[in-house]
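Asker:
Residue numbers (the UniProt record's numbering): 1 to 605.
(1) Please state the DSSP three-state secondary structure of residue 122.
(2) With 16 as the cutoff for other CB atoms within 10 Å, does residue 89 come out buried or exposed?
(3) The alpha helix (DSSP H) spanning residue 487 covers which residue range?
(4) Buried or exposed: which applies to residue 255, given that a residue is buried once 16 or more other Cβ atoms fall within 10 Å of its Cβ?
(5) Keeping to the same chain, check which residues put their C-beta closer than 7 Å to that of residue 155; ignore five residues upstream and five downstream.
(6) On the CB-based measure, 16 or more other CB atoms within 10 Å of its CB, does residue 471 come out buried or exposed?
(7) Residue 93 bridges to which residues according to DSSP?
(8) So is residue 58 buried or exposed if we call it buried at 16+ other beta carbons inside 10 Å?
(9) Spatial neighbours of residue 451 within its chain, please: CB distance less than 7 Å, with the 5 preceding and 5 following residues excluded, ordered by chain position.
(10) Which class does residue 136 belong to by DSSP, given the choice of helix, strand or coil?
(11) Go ahead and label residue 246 buried or exposed: buried means 16 or more other beta carbons lie within 10 angstroms of its beta carbon, across all protein chains shown.
(12) With a Cβ-Cβ cutoff of 8 Å, do residue 48 and residue 63 count as a contact?
(13) Per DSSP, what are the beta-bridge partners of residue 71 in this structure?
(14) Is residue 555 closer than 8 Å to residue 385 when the C-beta atoms are compared?
(15) Report yes if the C-beta distance between residue 130 and residue 142 is below 8 Å; otherwise report no.
(16) For residue 431, which residues of its own chain have a beta-carbon under 8 Å away from its beta-carbon, when the five flanking residues on both sides are left out?
(17) Under a three-way DSSP split, which group does residue 315 fall into?
(18) Looking at C-beta atoms only, is the number of pairs between the stretch 224-240 and the stretch 198-214 that lie closer than 8 Å three or more?
(19) Among the candidates 121, 170, 408, 374, whose CA atom is the shortest distance from the CA of residue 566?
(20) Given that a residue counts as buried once 16 or more other Cβ atoms are within 10 Å of its Cβ, and exposed if not, what is residue 69?
(21) Assign residue 674 to one of two classes, buried (16 or more other C-beta atoms within 10 Å of its C-beta) or exposed (fewer than that).
(22) What does the Cβ neighbour count give for residue 320, buried or exposed, with the cut at 16 atoms within 10 Å?
(23) Which runs of the alpha helix (DSSP H) spanning at least 4 residues fall entirely within the stretch 156-239, listed in chain order?
(24) Under a Cβ-count criterion, where at least 16 other Cβ atoms within 10 Å of its own Cβ denotes burial, should residue 267 be classed as buried or exposed?
(25) Please report the distance separating the alpha-carbon of residue 25 from that of residue 404.
(26) Return the CA-CA distance between residue 424 and residue 104, expressed in angstroms with no decimal places.
(27) Mind checking whether residue 406 and residue 378 have CB atoms under 8 Å apart?
(28) So, with DSSP's three-state summary, where would you put residue 514?
(29) Buried or exposed, going by whether 16 or more other CB atoms sit within 10 Å of the CB of residue 41?
(30) Give me the DSSP bridge partner(s) of residue 102.
(31) Cα-Cα, which of 75, 76, 100 is closest to residue 83?
(32) When we look at the beta-carbon of residue 395 and count the other beta-carbons within 10 Å, is it buried (16 or more) or exposed?
(33) Run through DSSP, which three-state label would residue 464 get?
(34) For the alpha helix (DSSP H) containing residue 147, list its first residue and its last residue.
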């Protein structure tokens, strides 16, 4: 005999002649709800609150998963021939699985209206046996397996009403144990057990109430002997013997347990708590039952109509608020962003200076072993055109792309003007610090100086429906250029000392230069690239129209403006350039000075 408490750990005790000895200790991921020994104690089967069933085989304490429910398993039992393992849960289900191939489900026993608390197997004779189940709906189900047919449904609450005993009618069932011709029920916080004898020839049930000295914790029925563990310090274990067609209490064979001071103290300190087992969806079922208890059907209809009216009104109100909020945000976005864009487009149409960089770039190209690093060199953008122009002037270019498939496209595009030595293509994810650090370490091992660094990789107006999109824009546009610049500035300074030319250019958006952020950046104009793919539908329609080519710059023209800034000798370091000249800050782009300063400091650090 072994007693256990349902916790995260199980200790298996071997009963000797004088004392208990610890055989092995098992640990389950969740609190266990049922334990069964099979194969003469060589295997231990444990079910837990998470709905999983594990098999432990001593001396190993590592479990193997047999099966799982989507709900809390309350009990499990094996058929006498160990062919089936039957498990029940709080969602009314009884599952019959083959053993040991538990992935093969034999059947489901359906018939209870509430959780199934306990299971038992009644073996009538060598050829006849039944599965019995105790449910919270007040019934005991008798099932024929393996077909899963409900043979009889016994209502023990009606029997409790008829007996008028010490057991309350609404008592919560705790455990069901089964013998050949009878079964015994115990209840939470009740000092008695209900014994039911069955006459299968007539399906007659004879009930008897066994009174105990305290609330019953557990009970075992085997070979006509009923052991009951109760909350009683002086008598924690009592024994009933089946004699003369009824159970009688006997006092022998229990001195070993009842004289154990440690056992008596432990049982006395135990508390029996019966929490309600609510199946999924039962909250709404309970609310529905409360509504159906209203006596006046008219009031029920009025309450229902008022509830539906309030839900519809609330839904309409929420939609109206959302609609007007969208309109306000679009109007704000238009005046904030499009007003800046209109200024830039007008300037670009009428006042844009045609910058000539060939003279300066030819002069810089006389430097031997000149190296340029261009980020964001995907096809169709400014970075790709920068790579093309620099390769034409025999520069060694290290270009970064986001997609590995872009390497083949760029190789094919520049195969006539570049080889593997003059054009090095690296796949870098600028939203990942690990990818950036790996790229920078590879550059430092391969190159001892860099003449030109162009921070061109960027994203714009990514959808803010997810946190990762906000972090993506912050990482690619702000953090990544700072990390790359801080890491490679020593190589650029060395190129400036040795060759007389070393420059770092960071390409800016029209909305970037605000307050202190206008330092160390270059605005290359409104250029038609893939950067606008996340903008509004109005922008998308405009970019597809023929009118856009007369207003927007091509990627090649945008690249020319970047190269003019990179090669012109008449520039002041640390300034913001637009249209070939150093510009002051437009008033319409100014934001709060303190917030802008904090943003700049965070970015720089």
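Built from N, CA and C at the ideal position, the CB exists for glycine as well. These numbers come from a predicted model, not from an experiment.
Answerer: Let me lay it out:
(1) Against the chain shown, residue 122 aligns to sequence position 122. DSSP places residue 122 in the strand class (E or B) of the three-state scheme.
(2) Start at 1 with the first residue of the chain shown, and residue 89 comes out as number 89. Residue 89 counts as buried, since no fewer than 16 other beta carbons sit within 10 angstroms of its beta carbon.
(3) As a position in the chain shown, residue 487 is number 487, starting the count at 1. It spans 480-499 - the alpha helix (DSSP H) in which residue 487 sits, taken as one unbroken run.
(4) As a working mapping, residue 255 is identified with position 255 in the chain shown. By the neighbour-count criterion, in which 16 or more other beta carbons inside 10 Å mark a residue as buried, residue 255 falls on the exposed side.
(5) Position 155 of the chain shown, counted from the start, is the residue given in the question as residue 155. Within its own chain, the residues whose Cβ lies closer than 7 Å to the Cβ of residue 155, once the five positions on either side in sequence are excluded, are 138, 139, listed in chain order.
(6) Walking along the chain shown from the start, residue 471 turns up at place 471. Answer is exposed; the Cβ neighbour count stays below 16.
(7) By 1-based counting over the chain shown, the position of residue 93 is 93. Residue 93 pairs with nothing; no bridge assigned.
(8) Residue 58 sits at position 58 when you count from the first residue of the chain shown. So residue 58 ends up on the exposed side.
(9) As a working note, residue 451 is residue 451 in the chain shown. So the list reads 367, 370, 371, 372, 495, 499, 501, 502, once near-sequence residues are dropped.
(10) On the chain shown, residue 136 is found 136 positions in, with the first residue counted as 1. The answer is coil: DSSP assigns residue 136 none of H, G, I, E or B.
(11) On the chain shown, residue 246 is found 246 positions in, with the first residue counted as 1. Exposed, since its Cβ has fewer than 16 Cβ neighbours within 10 Å.
(12) The residue you call residue 48 lines up with position 48 of the chain shown. The residue you call residue 63 lines up with position 63 of the chain shown. Between residue 48 and residue 63, the gap from beta carbon to beta carbon reaches 8 Å or more.
(13) In the chain shown, the residue the question calls residue 71 occupies position 71. Bridge partners of residue 71: none, in fact.
(14) Indexing the chain shown from 1 puts residue 385 at position 385. Indexing the chain shown from 1 puts residue 555 at position 555. A Cβ-Cβ contact shorter than 8 Å links residue 385 with residue 555.
(15) Your numbering for residue 130 matches position 130 in the chain shown. Your numbering for residue 142 matches position 142 in the chain shown. Taking 8 Å as the Cβ cut-off, residue 130 and residue 142 qualify as a contacting pair.
(16) Position 431 of the chain shown, counted from the start, is the residue given in the question as residue 431. Excluding residues within five positions, the ones whose Cβ falls inside 8 Å are 471, 472, 475, 476, 480.
(17) Walking along the chain shown from the start, residue 315 turns up at place 315. Helix at residue 315.
(18) The stretch 224-240 makes contact with the stretch 198-214: 3 or more CB pairs, one atom from each, lie closer than 8 Å.
(19) Within the chain shown, residue 566 is the residue found at index 566, counting from 1. Check the Cα spacing between residue 566 and each of 121, 170, 408, 374: the tightest is with 374.
(20) For this step, residue 69 is matched to residue 69 along the chain shown. Burial call: buried.
(21) Look at the range of the chain in this structure, 1 to 605, and you will see that residue 674 is not part of it.
(22) Working through the chain shown from its first residue, we reach residue 320 at position 320. Residue 320 comes out exposed.
(23) Annotation: the stretch 156-239 contains the following complete segments of the alpha helix (DSSP H) (minimum length 4 residues), in chain order: 156-163.
(24) Here the question's residue 267 lines up with position 267 in the chain shown. For residue 267, the number of other beta carbons within 10 angstroms of its own is at least 16, and it is reported as buried.
(25) Against the chain shown, residue 25 aligns to sequence position 25. Against the chain shown, residue 404 aligns to sequence position 404. Near 53 Å, if we compare the C-alpha coordinates of residue 404 and residue 25.
(26) Taking the chain shown and counting its residues from 1, one reaches residue 424 at position 424. Taking the chain shown and counting its residues from 1, one reaches residue 104 at position 104. Taking the straight line joining both Cα atoms gives about 57 Å.
(27) As a working note, residue 406 is residue 406 in the chain shown. As a working note, residue 378 is residue 378 in the chain shown. Their beta carbons are under 8 Å apart, which means residue 406 touches residue 378 by this criterion.
(28) In the chain shown, residue 514 corresponds to position 514, counting from 1. Per-residue confidence for residue 514 stands at a pLDDT of 37, beneath the threshold of 50, marking its modelled position as unreliable; the derived number appears in the next sentence. In the structure shown, residue 514 sits in coil (DSSP, three-state: anything other than H, G, I, E or B).
(29) As a position in the chain shown, residue 41 is number 41, starting the count at 1. Burial call: exposed.
(30) Numbered from its first residue, the chain shown carries residue 102 at position 102. Bridge partners of residue 102: none, in fact.
(31) As a working mapping, residue 83 is identified with position 83 in the chain shown. Comparing Cα-Cα distances from residue 83 to each of 75, 76, 100, the minimum goes to 100.
(32) Here residue 395 refers to the residue found at position 395 of the chain shown. The residue in question, residue 395, is buried, as its Cβ has 16 or more Cβ neighbours within 10 Å.
(33) The residue given as residue 464 occupies position 464 in the chain shown. Interpretation of residue 464 is limited by its pLDDT of 49, a score under 50 that renders its predicted location unreliable; the figure taken from the coordinates is listed afterwards. In this structure, residue 464 counts as coil in the three-state DSSP scheme.
(34) Your numbering for residue 147 matches position 147 in the chain shown. No residue range can be given for residue 147, since it is assigned to no alpha helix (DSSP H) and is classified by DSSP as neither H nor E.
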